[in-house]
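> Let me begin by handing over the structure; questions about it come next.
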């Protein structure tokens, strides 16, 4: 079955700098890769997703890149702000399948 | 409502007691999921409903856990003879259909078993 590994588990960056979180997956048939942000005491919220027919997707300060050959995808946050502090989860699944496989999460800390 | 609603937000119970956790999904969403999240971990799949039926309950840890969705909307997760290891945040999510990309999560029900 699918397995998703996420690194690092904790990431501390200076406000204004960029943050990168990386995930690898094992099932080459996976073709849908969402990223969720979870703030303290809240449920996860989708921030960006990518399907395997594209290599990169951007939404303002957030971008996701996908390398299907290497089976890894990354979240890039530029010009980080205090409100970016949260736990970020990557996930993967086959688009026709309901079952998301989650990474273990990255706690992002933005230092003022 | 505008989002997924879960009640109670916090539940403290004693070992051996029975608890029910409720989820009210976004109106019109046919797919509903229950997840369990322990501190510092990602969501762990428990059960998935498509309409009224449990399409996949393979994530339920044992027969003390059961979930229903009798009218295809509100769902209740039921835990019998609670154990300390059941302590976690129980998250509910819904989506428009089973293969629609985005899952919409509630804020979770934090269960503490003393």
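Chains as they are written, first to last, in our numbering: chain A, 1 to 112; chain B, 113 to 226.
C-beta atoms are modelled at their ideal positions from N, C-alpha and C, and glycine is treated no differently.
Whole-angstrom Cβ separation of residue 221 (chain B) and residue 201 (chain B), contact assumed at under 8 Å?
Indeed, because the Cβ distance is near 7 Å, the residues count as touching under 8 Å.
> Go through its chain and collect everything with a Cβ distance to residue 192 (chain B)'s Cβ below 6 Å, but skip five positions before and after it.
Once the five neighbours on either side are set aside, the close Cβ partners of residue 192 (chain B) are 130 and 176.
> Look at residue 21 (chain A) and residue 45 (chain A) and say whether their C-beta atoms are less than 8 Å apart.
No, Cβ-Cβ distance for residue 21 (chain A) and residue 45 (chain A) is not below 8 Å.
> If distances are taken between C-alpha atoms only, which option among A:92, A:108, A:105 and A:110 comes closest to residue 214 (chain B)?
Taking only the C-alpha atoms, the option nearest residue 214 (chain B) is A:92.
> Just by C-beta distance, which residues in the stretch 27-55 of chain A are closer than 9 Å to chain B?
Cβ contacts with chain B come from 32, 34, 36, 38, 41, 42, 43, 44, 45, 46, 49 and 51.
> Would you verify that the beta carbon of residue 160 (chain B) is, or is not, closer than 8 Å to some beta carbon of chain A?
Answer yes: the Cβ-Cβ gap between residue 160 (chain B) and chain A drops below 8 Å somewhere.
> Quick check on this structure: which residue in A:2, A:110 and A:104 has the alpha carbon closest to the alpha carbon of residue 32 (chain A)?
Answer by Cα proximity: A:2.
> Bridge partners for residue 108 (chain A) per DSSP, in chain order?
Note: residue 108 (chain A) sits in a beta bridge opposite A:11 and A:86.
> Going along the chain, which residues of its own chain have a beta-carbon closer than 6 Å to the beta-carbon of residue 87 (chain A), five neighbours each way excluded?
The residues are 38, 105 and 107.
> Helix, strand or coil for residue 197 (chain B) per DSSP?
Helix.
> Got a sec, what are the start and stop residues for the beta strand (DSSP E) residue 165 (chain B) sits in?
It spans 165-168 - the beta strand (DSSP E) in which residue 165 (chain B) sits, taken as one unbroken run.
> Under a three-way DSSP split, which group does residue 67 (chain A) fall into?
Of the three classes helix, strand and coil, the one that applies to residue 67 (chain A) here is strand, per DSSP.
> Are the CB atoms of residue 72 (chain A) and residue 18 (chain A) nearer to each other than 8 Å?
Not a contact, by the Cβ cut-off of 8 Å.
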